Amino acid sequence: MHLPVQLTWLIPALPAAAAAMIAVVPARRPGLGAGLALAALAGSLLLAVLALGGALADPAARLTHTFTWFAVGHGAIRLGWLLDPLGTLLAVMVAAVGLLIFTFSLGYLRDDPRAKQFFCFLSLFAGAMLGLLLANSLLLLFVCWELVGLASYLLIGFWFQRPAAAQAARKAFITTRIGDLGLLLGLVWLQDSTGTLLLFDGGRGVLEAEALGSLAGATTVGGLAVSTAIGLLLFCGAAGKSGQVPLHVWLPDAMEGPTPVSALIHAATMVAAGVFLVARVFPLLAADLALPHAPVHALSVVATVGAVTALFGAAVAVAQDDIKRVLAFSTVSQLGYMMLAAGTGAWTAAIFHLLTHACFKALLFLGAGSVIHATHHEQDIRRLGGLRGRLPVTGATFAVGMMALAGVPFLFSGFWSKEAILHAAHGWAISPLPFLVALAAVALTAFYMTRLLAEVFAGAPRGHGAETAHESPAVMTVPLVVLALASVGLGFLGTPWWPWLQRTLDPTFKAEAGGAGLMAVSIALVAAGILAGWARYGRHPRSDARAPDPLARSVPRLHRALAARLGCDELYAATLGRLNAALAAAANALDRSVWDGCVRLLARLGAYAGLVSRETDEEVLNGGFNAAGDGLRASGRAYARTQTGDAHGYVWMLAAGFVLLALAVLLGGAR
Amino acid sequence: MSPLQACLLFSSALFSLGLIAVLVRSNAILVLLGVELMLNAANLNFIAFWRYGPAPAEGHGVVFVVFALAVAAAEAAVGLALVIALHRHQRNVRLGDARRLHG
């Protein structure tokens, strides 16, 4: 049984409708809201699985359903749904991971009085995210794109009473908006040059040969092909959403939100939307590869940004002390990997890593949430430690996630997807640099994850929270176990010997042999990273929370720079922030001096005229008018009583007057 | 019932909902919301009379509505700024408390 493509709208509509219903559910029944959210998402998961079955039955066929949104003038804006392996596979992933995280949230937010709103926002997010994945129109995709941004803003600022959370929410919203401006400009340009925003439309869509040929054939400023320029604009949006350098600054701060949110939105799904967008419009980005004299290829930019981000995130993660921030920078780094893969042409490897990363990073974040929940909101790894025996399930599953992320060979999914990416980077003809950068990031990843695991779970407790920790309830540990199983199993969908996933996503995919040497190098780097991490942090765990980090003792200046995140936030505050403040000050000064001066001049002229007029008044006219004035004053006082100042009263009178008038007209008509 | 009648009934219901919100709500933001509802009921009438009127092929109704939407957006901006100013003055946004302009 397959889902008819006309009914695709049901998949995003179910959670969206649940969000609307939860909004009006009484707040004193939080269980009802959570139940609605879970039921709707489970329904979406079922439908998404059916849709995936239909898409897998014939991977090359693209099921589309297009409809007209509105028609104005000679054109019409058409939207549509698309069922292909890429979208449906990710939709199943989003719904499945989302369901596990919704379940986890039941335990995590049990005592929060605003749990109802939480599930409302989460459902809104799930609906928008599913719509984003299944849209056949870039416009529909953009609408959902902004909706997930809104849900992300609401959820980062869920505890808006804390100034840091409110600030982080604003920062996330504004930073991603900068990227989205590029995306919007790209869409407008695309609509202008092709006349449509549909992806596939029986030969007339923007991703089909006719449109791609005309876009790559036309050139614009600087000799860029139009397809390159539009592709780069679209990539701006992807970079903002996926936390690529230089727009990464919002993602670590987004950890102010509740931990299930960090797991779902800022690790597994929404931040991967940028990678998804790049994979979705890949034919457009790759259209300029055939041009011999292009000044720059869109994909080269994607690969470069991805490589820089991968190394930057991994390096900064080494020196963070907050458990969630380590994971956040790790997410930045892994998203860089995905962009790197897409940029080197292997978008199937990017999606493979996206899927495995979604599982093990959601697992790691939920594990961190379980730790935070068990230790009464202790997030500083310097005050944790020794949790191995106290949180056995969390510890074991966290270790699975850590090994998957670090790329421990053969059993864990992260190894296979990372291997696919390294293979693609190795085969990139343009430059060997991204490959070398990716190798360095492999070793760093193994190092910082070993550090995190050792600091949190090994040694002895170094704080009150860690000493009194108890394992979280089953509603939180069961999702961890499920995700741990997925983190192991998913890797076998894309091994070099049986690249089922790559072939399904891209029927033209050809497996290349000869990766054994490369695999040996990456295994050696992973081993080196883990051993180095163990030697510094695992063998002699620090004794108390105030003991300095071993890395800070051996390379203090580097450690300080990394701990300060290489000063990106400070740089932005010193340049963009100050520019904004200067513009505001200039506007203020202009307002106060020039415009205020004009107003004051007028006022002074008026005052002079008034002086003259008063003299004549007092001398000449006063006597006669005093009497009239007294009369007016008396009547004015009487009328003033009707001016109650109460806006509601006025509106009531307005409404009453209207009713009287209407009655008069009606009765007059009858006579 | 013709579609025009259905539209008009729906927009009257929307208008009444908005009017009720304006009349009985004490929170200034919710009153603003009510005003927006009433505006949109009027917009709906524009669209309905245009669509089922004598010249549905021409874009008159849409143009009216686009203008009305633009004005409504400006009005919302001014209204919310007023609400913020109100909040600065009296630390709440209850309309009943804002009667300093009484005679």
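If you read the protein sequences in the order shown, they are chains E and V.
The opening residue of the first sequence carries number 0 in numbering that gives the first Met the number 0; numbering runs sequentially from there.
The opening residue of the second sequence carries number 0 in numbering that gives the first Met the number 0; numbering runs sequentially from there.
All C-beta atoms, glycine included, are put in the ideal place defined by N, C-alpha and C.
Only a predicted model underlies this, so the values are computations on that prediction, with no experimental measurement involved.
Please name the residue, chosen from the options, that lies closest to residue i on a Cα-to-Cα basis.
| i | options | result |
| --- | --- | --- |
| residue 40 (chain E) | E:4, E:120, E:69, E:71 | E:120 |
| residue 343 (chain E) | E:301, E:358, E:366, E:383 | E:301 |
| residue 10 (chain E) | E:90, E:33, E:30 | E:90 |
| residue 679 (chain E) | E:486, E:183, E:283 | With chain E represented from 0 up to 670, any question about residue 679 (chain E) goes unanswered, as that position is not in the structure. |
| residue 648 (chain E) | V:11, V:5, V:22, V:10 | V:22 |
| residue 411 (chain E) | E:438, E:122, E:487 | E:487 |
| residue 324 (chain E) | E:564, E:239, E:128 | E:564 |
| residue 546 (chain E) | E:51, E:609, E:462, E:262 | E:462 |
| residue 379 (chain E) | E:460, E:402, E:392, E:387 | E:460 |
| residue 414 (chain E) | E:442, E:191, E:259 | E:442 |
| residue 390 (chain E) | E:431, E:187, E:471 | E:471 |
| residue 331 (chain E) | E:345, E:568, E:320, E:313 | E:313 |
| residue 62 (chain E) | E:103, E:3, E:71 | E:3 |
| residue 544 (chain E) | E:607, E:381, E:468, E:579 | E:381 |
| residue 514 (chain E) | E:420, E:203, E:8, E:549 | E:420 |
| residue 651 (chain E) | V:100, V:25, V:38, V:91 | V:25 |
| residue 237 (chain E) | E:219, E:610, E:270 | E:270 |
Would residue i pass as an interface residue toward chain E - the criterion being a Cβ-Cβ separation below 8 Å?
| i | result |
| --- | --- |
| residue 21 (chain V) | yes |
| residue 86 (chain V) | no |
| residue 81 (chain V) | no |
| residue 97 (chain V) | yes |
| residue 59 (chain V) | no |
| residue 38 (chain V) | no |
| residue 100 (chain V) | yes |
| residue 16 (chain V) | no |
| residue 68 (chain V) | no |
| residue 43 (chain V) | no |
| residue 13 (chain V) | no |
| residue 31 (chain V) | no |
| residue 8 (chain V) | no |
| residue 3 (chain V) | no |
Is residue i helix, strand or coil by DSSP?
| i | result |
| --- | --- |
| residue 429 (chain E) | coil |
| residue 39 (chain V) | helix |
| residue 246 (chain E) | coil |
| residue 554 (chain E) | coil |
| residue 716 (chain E) | Residue 716 (chain E) is absent from the structure shown; chain E starts at 0 and stops at 670. |
| residue 384 (chain E) | coil |
| residue 324 (chain E) | helix |
| residue 57 (chain E) | coil |
| residue 7 (chain E) | coil |
| residue 502 (chain E) | helix |
| residue 497 (chain E) | strand |
| residue 599 (chain E) | helix |
| residue 75 (chain V) | helix |
| residue 87 (chain V) | helix |
| residue 306 (chain E) | helix |
| residue 379 (chain E) | strand |
| residue 224 (chain E) | strand |
| residue 398 (chain E) | helix |
| residue 463 (chain E) | helix |
DSSP puts residue i in a beta bridge; with which residues?
| i | result |
| --- | --- |
| residue 414 (chain E) | None; residue 414 (chain E) has no bridge partner. |
| residue 62 (chain E) | E:82 |
| residue 582 (chain E) | DSSP, once it has assigned bridges, lists no residue as partnering residue 582 (chain E). |
| residue 134 (chain E) | E:80 |
| residue 69 (chain E) | E:76 |
| residue 629 (chain E) | DSSP, once it has assigned bridges, lists no residue as partnering residue 629 (chain E). |
| residue 419 (chain E) | None, per the DSSP bridge assignment. |
| residue 26 (chain V) | V:93 |
Is the CB of residue i under 8 Å away from at least one CB in chain V?
| i | result |
| --- | --- |
| residue 628 (chain E) | no |
| residue 74 (chain E) | no |
| residue 656 (chain E) | no |
| residue 573 (chain E) | no |
| residue 645 (chain E) | yes |
| residue 651 (chain E) | yes |
| residue 642 (chain E) | yes |
| residue 71 (chain E) | yes |
Residue ranges of each beta strand (DSSP E) within the segment 153 to 222 of chain E, 3 or longer
Qualifying beta strand (DSSP E) stretches: none in this window.
Alpha helix (DSSP H) segments (min. 4 residues) lying fully within the segment 22 to 58 of chain E:
Within the segment 22 to 58 of chain E, the alpha helix (DSSP H) runs of at least 4 residues that lie entirely inside it are, in chain order, 29 to 56.
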